[in-house]
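Each residue of the sequence shown is one higher than the one before, counting from 7 in this note's numbering. Ideal Cβ placement from N, Cα and C applies to all residues, glycine included. In what follows, a single structure is set out as structure tokens and then discussed.
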Amino acid sequence: MGLSSWFSSRFKKETRNPNLSDKQINDDASSIAPSAAHVHYDKADDKPSASNSHTDLISESQEVWEEAYTLVKNDESMRPIIEEYEAKMLSELQPLSGNAATNASLICDIASLNTDNRKRFMERLVYKEGVSSGRSKAVSQIATVFDSTEQIIGSVLDVYPPASVVWAGVCLVLKPVNLLRSDAWQSSEEYKKFKVPIRKEIVTLYGLVIEYQMLTFQTCNHRIRDFAKNAVGLSQWDEKIRAIISAEKRVDNFLNYDHKTNVLANLLDIKKVCENKLDSVIKVLNQHHEFMLEESLSNERNALIQDFKPNPNQHNYQAYRDYFDHIVAPLEGTNSGIRNDPRYKRWETGEDRLFLILANPGAGKSVFTKSLLQDLENQPESNPSTVCSFFFKDKSGQQNKANVALCKILYELFLAQGNLIDGVRDMVKPLDKEDLRLNLDKLWDIFEAAISQTAPFRSIIILLDALDEVDEDQIKNLLYRLQRFSNPAVKFLLTSRPTQAVLDMFQSQKDFILNMNDDVECNESLSRDVTKVATSRLDTFFRNNKIENGITKAKLRNTFKQHMSNNYTYLFVGLIFDYLDKQPMKRLPSQWIETFTTLPTTVYDTYRALLEDIPGNDRPDVKAMLQLVLAAQRPLTVREMNIALNVCTIDDVIDSTEDMELMQDAEDFKIWILKTCHFFLVTYDNRIHFIHQTVRDYLLPLKSSDDKRPEWLTDDFSEEACHQTIMKTCIKYISAPFIQRPAIASLKDFFDAPLPTQLETQQWFRQTLEFGEYAFTQWLMHLDFIRNREHKEWPEALETVQKQFVFMPFDFAELCFCCSSFPSKREVEVFRDMPLLGEKDSNDHRDLTLDCLAKGLVTRYLKTSISSELHYAISLSEELISRTDSTDARLSRRLIDISRAYLIAHDDSSKFHYVESGLDSAERAVQVTSPGHINRPRALQVRADALGKRYFADPGLTGDDINKAIHDIEEALNTTSPYVLDDQDKAFFLHSKAVYYGYRSRQGTDSSLKDLDKAIKVAREAVDMLSPTSLRRDSALHTLSVWLGARAEETREIEHIDEAIRVDKLALGSVLPQQQRTTSTDHFSSLRGLVAHLLLRYTFTESLEDLRESLEVAEYALRVIPKHHDTYLGCKRVYIRLLELADDVGLEYEDVRLNI
């Protein structure tokens, strides 16, 4: 479930609706930490006077202020604002005053606070939001000026602060303004005739100021995102200021009467002092304005920069890093051929902006690029260059996608030069962030627009390695963009094999190209570099094989040198020593001379020799494994390969997992892979890849004359045959008797099931069948590849499969495909093009498959954050609804499902029209569903979610929505339907009810604590209804924990925060195995909640053990939660705060100082 925590503030609401989805946990837990703002106060103001007249003065001044306050309070239009305002003040005042403060005594209690408590009250009001250092500075300055002009109403009137978050706090902490000194009130009869009208005008003036203060309070605490607009000064604020100024003038009118009273003299003195202070006030407010605008701009800038960070499901950061780390470091003194080349020198100095290195495989292009990147990253700060890079890798997840590369480059560029994002703000803001990440043309346009603004002294260097491995659908566009690019601020260094596509594109720019194959000096330099590496490897070989005789070593060196003479590449050297390491130990060192004499002379000859050395009993497995790697749609994990290889190589029916004889330990299987064919395969991020692009080229030769494969590998080893092999493996797996069936037996059962049951079914597929995620979807993609190669239409291709695999359960295959949430948008599109599987090819059945697939795409989005999946799901649902008759029983469920999808789309994009679409669909679902139908309570529940979402988006505009949402949930729970409400549905609805009661408790009404207690009670009921294995239990526990934490903040009682912490820990210890849990949003949210609650308990207890535990959990959270996740930032802020607290109290703690 999605539940925005109330740790931040009672009024700073995240505009997210807890509609029980994993996508909506997005709050900042950091701000429960008390801020230590240092605000100046004049202690003399708080010293009690020995004079009774002064006591009377305070009393009289308070009476004037309270009279004005009552005037505002009696205004019906201000009542909701006043109630919220007073609730906020009272909740913060009570712990300081020690009294049971009431609305009636509010002003008196504030006025009676001593200096320390006034300061603490100010801090609690103003710093509850965890403001930035800049905002804190502005608060301090404003408070200082107010403090020095406390008796001057002009200091209030001159301030124009609709944007000031601290206005309410600053004004309220000050004592009532004293315009009328006590002796003046006791003056002659001549003066007393002015007492009543003066008091009346002062009361009016105070009332306007108080009203202005309250409206500002509402603006600042509810809609922090409106700060920038308010800071400029809107017409409605001008109007209120004019009213205050008019009232002030009426007071001033009394100063023009020619009477010689003390009050006149004092008012004139006050006016003069006010005029003297005006410049100071304006200066402070301007500084405050600048601070806040800068913070607002910075926040918007950071949000835009994040739009360019590659989605983790499009770019596997760990796999990319593993690949990068696998590139060896060059030996010292190598690469001089490139570094001394005149073309490189011109590029290095900036004379040329493009440098392209072309070389055959194994010449060290990637080694050089990595070395150059590390050198540039370690350059002195005096050289202000920004360096961005991408290392392409063919068939390695998304590492061959040009759009992913450009996203990474833009992200690095904007992080280094944040001002560049400002110039493309208008280009980026209207775009869907996920569509943007997929669109190479838009990304490039943004890149060109951004770098056009870079400062002339800030050069940008971009390194792109292995252009020849870019996806074939994108390579032409990328090369075209690079070839036409011209901007003096950017330098490109590119590397590639000399493919025809690259040569053709850059044929007119040969002055920028270093073709190492044709350059004599570079060839000689490369030969020297490779010789150094070979010599080092050869010395190691001598030591390992006990070859110590000088004559024998000399003969071996000479023989080795002769074999190297025509193939000086790092790849060849590595392969040769792989070959030598596989040779059996020699009895006599001299026997190695014969082995060296017969060494292979080319890379392909070495591949062949290594393959021929594989024992005969391992060859079928190696051949199958190479076919699987070559044709796989994505790199298989070690575990997936373990299963796939066994399924592929067993001819008999696989009745049980025991028949597969799997290596139970993944590390053992990985060791077998590396021992058998480490010269072809390597593992990054626990996935299996070819060690080099030349392996694919070797296995699939373009010409028969290039075919160097051993005979045992040539038979039935084409690209099409490889796809046949892996498709057959997938089908055998789907058809195996040992494959369990889910509890849901049909598409209709899945469609009709409660949402929690659907989610658990999808999770069952993910957890139970280890090769299922690949097999259930990709057999279809391999069949699509084969039919295109064979130029067959879908009916013919499917008929062929049905004849070839008569044992295949097509109905089950369809169920797995449609109900597992595995298929991506691309795979669903392929599925739609083909005839339906099995015997049910009808329009109704086809629509049913699309219903189930749309649900799966939504779930897939929640796991991957790929917006295109969600948008395609909405498109499918809209299409289905458009052709569903109003009398069709399925219409209500389709409307319910699309409403949920719309609301999730709002969370993804913050576009309010999705809320309206979700509410419209929910309203329609309620209308078309009869009161006795099982979908009636579900329709009411989704309408409650939509109302709640609208409330969160704008609580001031639609304040009654939260009450309507609670009413709908209660009606759903109390349905009189003849159908028995499923326990899954009931727990789901209770969960929603707990969420909405909790949010309503934040409105600051008299029933707030009752609502919060109800939220806790109902959340407990939801938890009790869910089994320990239920997927929703974590969400329910998290909700319970949040409201317990809120209760602890209200009561300041230790038992409430203790219970919240216990619930957090229970949520972290339940449901999923550890390897699954670290990818769960609920897991991350519970971690974040635990960190925040531990910190809150420390503020209660000041126990060093609590502080130490808080630090330990915060550290763990930052290690586990991905940096891109919504909860990471909140945990980071809490961690930084904890470190500060640890330093303050001198806690001895082994601070690892995480790189955050």
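So what's T501 in DSSP terms, helix, strand or just coil? strand
Residues in the same chain with beta-carbon distance under 8 Å from L337, minus the five sequence neighbours each way, listed in chain order, please. D535, K538, V539, S542
By the 10 Å Cβ neighbour count, where 16 or more other Cβ atoms means buried, how is A1025 classified, buried or exposed? buried
T1045 (DSSP reduced to helix, strand or coil): helix
Simplified DSSP assignment, three categories, for R464: coil
Answer with yes or no whether the minimum CB distance from K1023 to chain B is below 8 Å. Absent from the structure: chain B. Only one protein chain is present.
Closer than 7 Å by C-beta to L1147: which residues in its own chain qualify, once you throw out the five before and the five after it? Chain order, please. L1113
Quickly, what does DSSP pair I4 with across the bridge? List them, please. Only positions 7 to 1162 of the chain appear in the structure, and residue 4 is not among them; the question remains open.
Look up N346 in the DSSP assignment and give the residues it is bridged to. Per DSSP, none; premise fails for N346.
Contact under 8 Å by Cβ, G368 with L577: yes
Close-in-space but distant-in-sequence residues of the same chain around E779 (CB under 7 Å, 5 per side omitted): R772, F828
Rounded separation between V834 and A781 - CA only: 15 Å
Delimiting residues of the alpha helix (DSSP H) encompassing N980: That residue, N980, is in no alpha helix (DSSP H); it is neither H nor E in DSSP.
On the DSSP letters alone, give me the boundaries of the alpha helix (DSSP H) that I553 sits inside. Segment: none, I553 is in no alpha helix (DSSP H) and carries neither H nor E.
Bridge partners - T643, DSSP secondary structure assignment: R693
Tell me the DSSP bridge mates of C394? I468
What number of angstroms, rounded off, separates the C-alpha of R1053 from the C-alpha of R1039? 21 Å
Could you compute how far the alpha carbon of D793 sits from the alpha carbon of A1066? A small correction: the amino acid at residue 793 is Arg; Asp does not occupy that position in the sequence shown. Each residue's alpha carbon lies about 58 Å from the other.
Between A456 and G429, how many whole angstroms is the CB-CB distance? I'm expecting something under 8 Å. 6 Å
So, are the CB atoms of E776 and I649 less than 8 Å apart? yes
Cβ-based neighbour list, L469, same chain, cut-off 6 Å, excluding 5 preceding and 5 following: T375, L379, S395, L499
C-alpha distance - R1 paired with D471, whole-angstrom precision: The requested residue 1 is not part of the displayed model; the chain covers only 7 to 1162.
Identify which residue in R896, P937, K955 has its Cα closest to the Cα of A907. K955
Can you give the beta carbon distance from L446 to N409, rounded, assuming they're within the 8 Å contact cut? 5 Å
Closest to P348 by C-alpha separation, out of E527, F453, N319, R443, would be which residue? E527
Which same chain residues end up closer than 7 Å to T682 when comparing Cβ atoms and leaving out the 5 residues on each side of it in sequence? I620, D624, V628
Roughly how many whole angstroms lie between the Cα atoms of E805 and I902? 37 Å
For K561 versus P595, is the C-beta distance shorter than 8 Å? no
Is the beta carbon of P716 sitting closer than 8 Å to the one on L617? yes
Can you tell me the Cα-Cα spacing of H1062 and F1106, whole angstroms? 11 Å
Coarse secondary structure for N389, derived from DSSP in three states: coil
Could you please give the first and the last residue of the uninterrupted alpha helix (DSSP H) stretch that includes N941? 941-959
Quick one: any contact between the region 348-362 and the region 314-331, if contact means 3 or more CB pairs under 8 Å? no
Since L382 is in the alpha helix (DSSP H), which residue starts that stretch and which ends it? 371-383
For V334, which three-state DSSP category applies? coil
Would L876 pass as a contact of I910 if the rule is Cβ separation under 8 Å? yes
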